[in-house]
Each structure stands twice: as C-alpha cells, then as structure tokens.
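Its first residue numbered 107, the sequence shown is counted upward by one per residue in this note's numbering.
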Amino acid sequence: MSEGPGTTPVPDPTAMQDDHSGAEAATPADGAGVTEQGVDDRSASRTGATQSRSAPGPERAAPPPSPEHVVTGLGSAPAAAQAGSAPADSGVDGSTKHDRRDRTGTAVRASSRSGRGASSPRGTTAVWNRLTRKADLRAKAGLTRTARVRAAAIDLAGNDYLGLSRHPAVLDAAAAALAEHGLGAGGSRLVRGTTDLHEDFEAAFARHTGTETAVLYSSGYLANLGAVAALAGPVLLDAHAHASLHDAARLAGGRSETFAHNDLDDLERQLQALRPSIVAVESVYSVLGDAAPLRELHALTSAHGALLLVDEAHAIGTVGPHGSGGVAAAGLAGDPGVIVTATLSKALGAAGGIVAGPAALRRHLHDTGRTFVYDTAPPPAVIAGAGAALALARGADGARGELARRAALAASALGAPVPAAGVLSPAAGDARAAAAWAERCAAKGVAVGCFRPPSTPDHRSRLRVTVNTGVPEADFTKALAVIEATRPDPNSR
Ligand SMILES: Cc1ncc(COP(=O)(O)O)c(C=O)c1O
C-alpha cells in the first residue's frame with residue numbers, strides 16, 4: 107500500500123493506504139519498533155526526540171546523508187535497538203557503537219581498515235538479510251504495505267475532495283500547457299528559468315489565502331521541509347502533525363519537541379521551555395480529521411515570539427471563505443506571524459506544494475531554501491491544471507456545502523466524530539483487523555484507506571475514509587453501507 111492522502115482520483119482499492127502522521131516520523135516504518143508482539147510503543151513515543159545536529163549552509167551543495175539518517179533508514183542495529191526490536195536483530199551486522207559507518211550507513215569495523223565491510227559481498231548481504239527479517243516481522247504484525255493496481259471502485263480513499271482532478275477546465279488547461287512546455291520543468295526555476303504559469307499560480311494562491319507572497323514546490327512534503335528548514339531554530343510540533351513536518355524539524359537540525367495534540371496548556375509549557383522559532387500544526391488534521399484552534403494557537407505563539415506554521419493540506423478548497431483555508435477562516439489571513447503551507451494534491455486535484463507568507467519569506471526561500479534551490483520545479487502542465495482548479499474551487503461553495511453534508515452523513519453512518527472537512531477515520535481494532543476490513547471493502551468495490559501504526563498518531567489502526575463530492579450520491583450512500591456492513595466483529599477485537 108502506498109501512502110494515504112494525496113492519492114488517487116480513480117479509486118484505489120489498496121485498501122491499505124497509510125497516511126503519515128508525526129508518529130510515523132518518529133517510528134520508521136521499517137520494522138524498527140515492530141516486535142513479534144506487534145508495535146513497540148516505546149518507539150512510537152519518541153516523537154519529540156531532541157535533535158542537535160547543525161544544518162549545513164544552503165549555499166553548499168547537498169552533503170552526503172548523515173550516518174544517523176541512513177542508519178535509521180536501513181533499520182540499523184542502533185536504531186532498531188532503541189526502538190525495541192528483538193535483541194537478535196540488533197547485532198546482525200555485528201556493528202558496535204565504536205564502528206565507523208560508510209556513506210551507505212553500513213558498519214565498517216573500527217579495527218578493519220582493509221576495505222572490507224560495507225562494500226564486501228558479506229556486508230551487503232547482511233544488510234539485505236536484516237531488512238528481509240524486518241519485513242517478515244512487519245508482515246506478522248499486519249503492517250505490510252502494498253501498492254495495488256487500481257481497480258474500478260467507488261473512491262473514498264483519494265483526497266480529490268471537490269472532484270476537480272478530472273474537471274474538463276482543469277484537463278484543458280493542463281493539456282494546453284503540456285503542448286506548450288512539454289512534460290517536465292527541465293530543472294529548478296533558478297537554473298532553467300521560471301514560467302508565467304508558476305508565477306501566476308503563486309500570485310493567485312497568495313490572493314486566495316490573503317498572504318503577501320507564495321513559493322511553489324514540487325510537493326507538499328518538500329514545501330514543509332523547505333519552509334521549516336529555512337527558518338531554522340527550535341521547532342515545536344503538534345503531536346498529530348504530518349510526518350513531513352516532523353521530518354522538516356529533523357532537517358532543520360536544531361532542537362524539536364512535540365506538544366500534546368491541540369493542548370494549549372502543554373503548548374504554553376513547551377513554549378516556555380524550548381523557546382521555539384516555529385510552532386507547526388495542521389488546520390485540519392490528516393488522520394483524525396479534527397481542526398486546530400488556530401486563534402488560540404496564534405495568540406500563544408505570537409506572545410512567545412514564535413511563528414505559527416499552518417499546514418493547510420486538507421483545508422485549502424474545503425474550509426473558509428471561498429475555500430481559502432483554516433487560517434483565513436480564523437481571521438488570520440496575512441498575519442505576519444503565520445506561514446501557510448499546502449499541497450496542491452488534495453482539493454485542487456493536482457500535485458505540488460506551496461508556502462505562503464510575507465514577502466521576506468519568499469526572498470529567503472528563493473535564496474536559501476534547499477528544497478526550492480535544489481529541486482526541479484513542478485511541471486508547468488500540472489501547475490496550469492492546479493491554477494484552473496483553484497479558480498473553480500473558489501467558486502465551489504455548493505460543493506463545499508455538499509462536502510460538509512456528506513461528511514456529517516458518513517460520521518453518523520460510521521460512528522466517527524463529525525470532521526472539520528472531509529477526513530474520517532473510524533477505529534478498527536488492530537492492524538490486521540483494519541487491513542482485513544479495507545480488503546472486504548475493496549472486494550465489494552469500495553476503495554478506502556487503511557492507516558495503521560506507525561502512521562496513526564494515537565497508535566490505533568483505522569480505516570481512512572475521505573469524502574469526494576465527485577462521487578455520485580447513490581455510490582456514496584452505497585459505499586457507506588458497504589463499510590458499515592463489513593465492519594469487524596467488535597467481539598473479535
Ligand atoms: C497534512 C499534509 N501535509 C503534507 C502532505 C504532503 O503533501 P504531498 O503529498 O504533496 O507531498 C500531506 C499529504 O500527503 C498531508 O496530508
């Protein structure tokens with residue numbers, strides 16, 4: 107299963123699309139933290155691990171990955187040991203904390219300078235053996251992720267909230283730009299040059315959200331990484347914030363901590379303790395679908411001299427006047443203490459990411475933001491389509507009303523809280539039960555997401571249901587009935 111939001115306009119029966127909450131950021135989905143018994147909560151609770159690496163300057167070319175990062179990615183012995191993996195796992199490559207690691211993160215015996223180790227067949231094989239064992243452990247715990255081929259199904263898995271990804275005006279705009287500019291952007295905007303389409307979209311998005319300026323990225327993930335890392339300093343994150351924000355805090359290289367989800371008292375305590383430069387939240391949370399108390403968050407962060415970064419991935423197009431998002435709805439549009447980030451892959455049905463805020467932010471990101479400077483620009487055709495979608499979304503009050511109506515209907519049918527926009531996540535017992543539930547839905551022609559630890563912030567396995575107003579009413583009602591009818595037997599949980 108590939109990962110949840112931002113996916114498929116066409117139904118994805120993958121049933122097991124997992125989102126990326128912060129829990130994932132703290133608990134690599136590589137088997138570290140998974141034991142024969144299941145998921146080890148010790149790893150899941152490391153979300154606020156303090157960081158102390160210093161970030162390299164933006165002018166310099168990207169450095170090789172730091173050993174710590176690579177090691178974690180490989181589920182190395184130290185990372186696995188911290189995360190509570192089976193002890194047998196922790197010594198597979200025989201490395202100790204005194205061993206050096208090469209650029210691939212593979213242990214090189216401190217005592218051996220003979221060139222053996224990482225690149226020797228034996229060392230390499232040990233890495234793959236270790237990863238295979240971890241994959242087997244994940245499979246036992248019901249945590250395998252499989253990206254299935256899409257099949258015809260009713261789509262309650264994708265994030266095309268307003269059904270715009272296939273709107274004729276969106277496709278026409280994209281087709282015209284495709285013919286004019288070709289498939290890809292050909293390079294970063296600094297190197298290859300920008301297009302009117304990029305500039306116009308940024309201006310339109312800034313107007314839409316009431317911000318001064320905006321900067322496009324090739325994904326929402328990279329927008330978050332770029333914004334947080336460029337504004338380096340201690341970062342405080344809501345515990346339910348998206349994995350990209352947690353990863354961004356790591357990339358920033360300073361200290362980062364989490365505060366309890368939507369808990370203003372905990373936020374205030376941590377503001378005093380950490381004195382962060384940024385507090386990062388989502389306006390509508392991507393797994394549980396609830397809203398952040400943005401006015402109160404803003405009052406607290408500004409009182410402590412911190413910027414409030416609000417990821418509006420699930421709110422642009424769905425919430426606020428003309429779909430301008432949660433920040434605008436909270437009366438904070440254009441506030442110099444607020445940075446808005448978003449993906450174009452949800453209600454706008456496209457791909458790409460954006461950061462919006464004061465003009466000084468745009469200048470800073472252009473000059474120093476690594477994921478702007480060192481990344482190829484989003485394809486002009488996609489941005490042209492996104493521009494058409496943004497114009498349509500502004501006028502889509504009717505669809506937003508329908509989204510709210512369907513979300514309330516789904517909440518009552520599935521016994522989930524009424525969401526702030528279009529995301530619902532009914533709890534599903536354990537990971538295997540959730541996966542099996544999603545499979546039963548897929549077998550009956552309904553595509554839903556399936557989020558399991560470490561992708562759920564509360565470590566509970568859930569179905570992830572997203573409301574798409576492009577789905578015909580009769581299909582939507584049928585899909586809800588299928589989800590309810592295939593629900594796991596509560597006695598078997
Ligand atoms: C809250 C949130 N932020 C960021 C992202 C990343 O956006 P993208 O898929 O464009 O990288 C997503 C979704 O995938 C998301 O749900």
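The beta carbon of each residue, even a glycine, is placed where N, CA and C say it ideally should be.
beta-carbon residue i near ligand 1 non-hydrogen atom, thresh 7 Å
i, result
"S271", "no"
"S531", "no"
"A419", "yes"
"H352", "no"
"N574", "no"
"G551", "no"
"G326", "yes"
"E388", "yes"
"S561", "no"
"S451", "yes"
"N368", "no"
"H404", "no"
"N235", "no"
"S567", "no"
"S392", "yes"
"G459", "yes"
"H346", "no"
Distance, residue j Cα to residue i Cα
i, j, result
"E318", "L303", "18 Å"
"A386", "L277", "34 Å"
"T252", "P442", "43 Å"
"G181", "H428", "With a pLDDT of 34 at G181, under the threshold of 50, the modelled position of that residue is not reliable, and no figure is offered here."
"A513", "D261", "14 Å"
"Y323", "V479", "10 Å"
"L509", "A448", "19 Å"
"G293", "A310", "23 Å"
"L296", "S408", "33 Å"
"A600", "T250", "Nothing in the structure corresponds to residue 600, since the chain is present only between 107 and 599."
"G576", "Y391", "22 Å"
"A355", "A453", "26 Å"
"V176", "A336", "The predicted position of V176 is uncertain, since its pLDDT is 28 and thus under 50; no value can be drawn from it."
"P532", "N574", "17 Å"
"L380", "L357", "18 Å"
"T133", "P560", "Bear in mind that a pLDDT of 37 at T133, under 50, signals an unreliable position, so the number given afterwards is only what the model happens to contain. Cα to Cα, T133 sits roughly 6 Å from P560."
"A283", "A259", "30 Å"
"A192", "K240", "Low confidence applies to A192: its pLDDT is 26, below 50, so where it sits in the model is not reliable, and the reading given next is rough at best. Rounded to the nearest angstrom, the two C-alpha atoms are 10 Å apart."
"A279", "S430", "22 Å"
"A600", "R298", "No information on residue 600 is available, as it lies outside the stretch 107 to 599 that the chain covers here."
"P111", "R546", "For P111, the predicted structure reports a pLDDT of 32, less than 50, and the residue's modelled location is therefore unreliable. A value from the coordinates is still provided. P111 and R546: Cα-Cα distance of roughly 20 Å."
"L370", "T238", "43 Å"
"L351", "Y327", "8 Å"
"D344", "D417", "11 Å"
"A281", "H273", "12 Å"
"N265", "T315", "20 Å"
"S451", "P594", "31 Å"
"S567", "I589", "15 Å"
"A587", "E579", "13 Å"
"D353", "S325", "14 Å"
"P399", "V461", "21 Å"
"A541", "L467", "42 Å"
Within-8 Å CB hit, residue i to chain B
i, result
"L237", "No chain B appears in the structure shown, which is made up of a single protein chain."
Examine the Cβ distances between the stretch 498-509 and the stretch 375-386 and report whether three or more of them are shorter than 8 Å. no
Would you list, in sequence order, the uninterrupted beta strand (DSSP E) runs of no fewer than 3 residues that lie entirely inside the stretch 229-275? 260-262
Considering only residues of the stretch 394-451, which uninterrupted alpha helix (DSSP H) runs meet the minimum length of 4 residues and lie entirely inside it, listed in chain order? 400-409, 432-435
Can you give, in chain order, each stretch of the alpha helix (DSSP H) that sits fully within the stretch 312-339 and has at least 4 residues? 326-336
Touch test, the stretch 392-399 against the stretch 516-529, Cβ-Cβ under 8 Å, three pairs minimum: yes
Kindly confirm or deny that the stretch 327-336 and the stretch 468-487 touch, where touching means at least three C-beta pairs closer than 8 Å. yes
So, does the stretch 523-532 touch the stretch 403-421, judging by three or more C-beta pairs under 8 Å? yes
Are there three or more Cβ pairs, one per stretch, closer than 8 Å when the stretch 550-567 is compared with the stretch 479-490? no
Touch check for the stretch 357-365 and the stretch 398-407: three-plus C-beta pairs under 8 Å? no
Using 8 Å as the cut-off, can you tell me whether the stretch 446-462 makes contact with the stretch 487-498, which would need three or more C-beta pairs spanning the two stretches below that distance? yes
Tell me the start and end of each unbroken beta strand (DSSP E) in the stretch 501-562 that is at least 3 residues and wholly inside, in chain order. 552-557
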